[in-house]
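Written out below as structure tokens is the structure these notes cover.
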């Protein structure tokens, strides 16, 4: 009698089985959580944009007039965003892999696509940081002058 191996439904896999063979942190999610998150079905990640705007305004406020309150709030904002981003990059890895498996992809296909995402998101993050820095140091001081 032949016994066929049945594929397990991705929803029946445990978190350990899903994470087996995956890096613990998703680099794409770490560098550009709102873009990576939305593209991988985690729409809540779009909330990073207003959080980044708040942090950017706090950092710029410290640059213009460093007061204890703005310095403290900037530090808190940076730490909270860093912590939230690391947690998101760790948790998002398993969720995105489970989603890919449920859409019929293999884990190897998922890993291959995530390598492309990692490179793209690092490049986008560098471009955004350069653009934001240029804006804050060159353009923003002339607005309203």
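Numbering (our numbering), first residue to last: 2 to 146. We treat Cβ as the ideally placed atom computed from N, Cα and C, and that holds for glycine.
Anyone know if the C-beta pair for residue i and residue j falls short of 7 Å?
i           : j          : result
residue 119 : residue 28 : yes
residue 23  : residue 94 : yes
residue 99  : residue 47 : no
Give me the residue from the options with the minimum Cα distance to residue i.
i           : options          : result
residue 78  : 116, 49, 140, 18 : 49
residue 116 : 143, 17, 37, 16  : 37
residue 109 : 140, 131, 21     : 21
Hey, is residue i's beta-carbon within less than 7 Å of any beta-carbon in chain D?
i          : result
residue 90 : In the structure shown, chain D does not exist; there is a single protein chain.
Here's a check: name, in chain order, each residue in its chain whose Cβ is nearer than 6 Å to the Cβ of residue i, leaving out the five neighbours to either side.
i          : result
residue 41 : 97
For residue i, which residues from the same chain have a beta carbon less than 7 Å from its beta carbon, with the 5 sequence-adjacent residues on both sides left out?
i          : result
residue 68 : none
residue 82 : 52, 56
Leaving out five residues on either side along the sequence, give the residues of the same chain with a beta carbon under 8 Å from the beta carbon of residue i.
i          : result
residue 25 : 91, 94
### Message
Across the segment 31-39 and the segment 81-94, are there enough close Cβ pairs to call them in contact, namely three or more that are closer than 8 Å?
### Response
yes
### Query
Taking contact to mean at least 3 C-beta pairs separated by less than 8 Å, is the segment 124-138 in contact with the segment 66-83?
no
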